[in-house]
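Data block below; observations after.
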Amino acid sequence: SQKIEQNSEALNIQEGKTATLTCNYTNYSPAYLQWYRQDPGRGPVFLLLIRENEKEKRKERLKVTFDTTLKQSLFHITASQPADSATYLCALGPGANNLFFGTGTRLTVIP
Amino acid sequence: DAGITQSPRHKVTETGTPVTLRCHQTENHRYMYWYRQDPGHGLRLIHYSYGVKDTDKGEVSDGYSVSRSKTEDFLLTLESATSSQTSVYFCAISGGTPEGQPQHFGDGTRLSIL
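Taken in order, these protein sequences are the chains called F and Y.
Counting in our numbering, the first sequence tops out at residue 111, every number present.
Counting in our numbering, the second sequence tops out at residue 225, every number present.
Structure (structure tokens):
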């Protein structure tokens, strides 16, 4: 069965630095990959989508890469701020009935 | 924010009792989903709906049933709750075809079964 691993449960980083989160997967060939942000007590919020034929996607301070050979996506937050502290989830698709989520990485940006 | 309301937000009940969770949307989206989120497992799909009266099973559907009699409402029922169903339940919606469409989530229902 498919397996999704996000690099670590928790990542601490100093304000202003670039945070890099990793999503690795096995036994699956996704057509696209999504990243979500989840704050405590709230539902996930969609951030970015990248498709298998795209190598990189950017949105403001966020950048996502997708390497189908390595079976890996990297999620970068540049110039990180304490407000970026949250849990970040990667999810792989396609399909309404098989969007697979990773367990998430809890990012803490230290002032 | 997408108009998704989950009710109740918190519930404590006893093993063996029936429980129904409600998801209400104001976006007129076709697709609706129920997930559960547990430590170490991430979000897992329970059931989803692709239209009124059209539903299908997800990864962890055993012990759960759903109904969708109106576009805006998607109900999740635990017929006879067990302690293993203690979890946080999220409803999500998406519009158009599902390929790559982002999902918009409610704020969850925290369910404890004693």
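Cβ coordinates follow ideal geometry from the N, Cα and C atoms, glycine included.
- Taking C-alpha positions only, F/Arg42 is separated from F/Asn24 by approximately 25 angstroms.
- Following the DSSP letters along the chain, one finds Y/Ser198 inside the beta strand (DSSP E) bounded by residues Ser198 to Ser205.
- What F/Phe46 touches in chain Y, judged by beta-carbon distance under 9 angstroms, is Pro213, Gln214, His215 and Phe216, going in chain order.
- For the stretch 53 to 82 of chain F, there are no residues whose beta carbon sits under 8 angstroms from a beta carbon of chain Y.
- When Cβ-Cβ separations below 8 angstroms define contact, Y/Leu222 makes no contact with chain F.
- Straight-line spacing of the CA atoms in Y/Cys134 and F/Arg58 works out to 32 angstroms.
- The CB of F/Gly102 comes closer than 8 angstroms to the CB of Gly153 in chain Y, given here in chain order.
- In the same chain as F/Pro82, and ignoring 5 residues on each side of it, the C-beta atoms closer than 7 angstroms to its own belong to Glu15, Val109 and Pro111, in chain order.
- Between the beta-carbon of Y/Thr220 and that of Y/Gln117 there is about 5 angstroms, and that keeps the pair under the 8 angstroms contact cut.
- Rounded to whole angstroms, Y/Ala203 and Y/Gly162 show a C-alpha spacing of 14 angstroms.
- Nearest in C-alpha terms to F/Glu60, of all of F/Ala79, F/Val45, F/Asn27 and F/Leu70, is F/Ala79.
- Every unbroken stretch of the beta strand (DSSP E) spanning 3 or more residues and falling wholly within the stretch 122 to 154 of chain Y is given here in chain order: 130 to 136 and 142 to 149.
- For Y/Ser176 and Y/Asp165, the gap between their C-alpha atoms comes out near 13 angstroms.
- Y/Asp167 has Y/Tyr159 as its beta-bridge partners, per DSSP.
- Residues of the same chain with a CB within less than 6 angstroms of the CB of Y/Ser191, apart from the 5 flanking positions on each side, are Gly127 in chain order.
- Rounded to the nearest whole angstrom, the C-alpha separation of F/Glu5 and Y/Tyr146 is 19 angstroms.
- Spanning the alpha carbons of F/Gly93 and F/Ser8 requires a straight line of approximately 22 angstroms.
- Beyond the five residues adjoining it in sequence on each side, Y/Ser160 comes within less than 6 angstroms, by CB distance, of Met143, Thr166, Arg179 and Phe185 in the same chain, given in chain order.
- Around the beta carbon of Y/Pro213, 16 or more other beta carbons sit within 10 angstroms, so the residue counts as buried.
- The alpha carbon of Y/Arg141 has as its nearest neighbour, out of Y/Ser194, Y/Val199, Y/Ser205 and Y/Gly217, the alpha carbon of Y/Ser205.
- The straight-line gap separating the alpha-carbon atoms of F/Tyr36 and Y/Ser194 is approximately 29 angstroms.
- Flagged as an interface residue toward chain Y: F/Tyr32, by a C-beta distance shorter than 8 angstroms.
- Just so you know, the alpha carbons of F/Asn27 and F/Ala19 end up roughly 27 angstroms apart.
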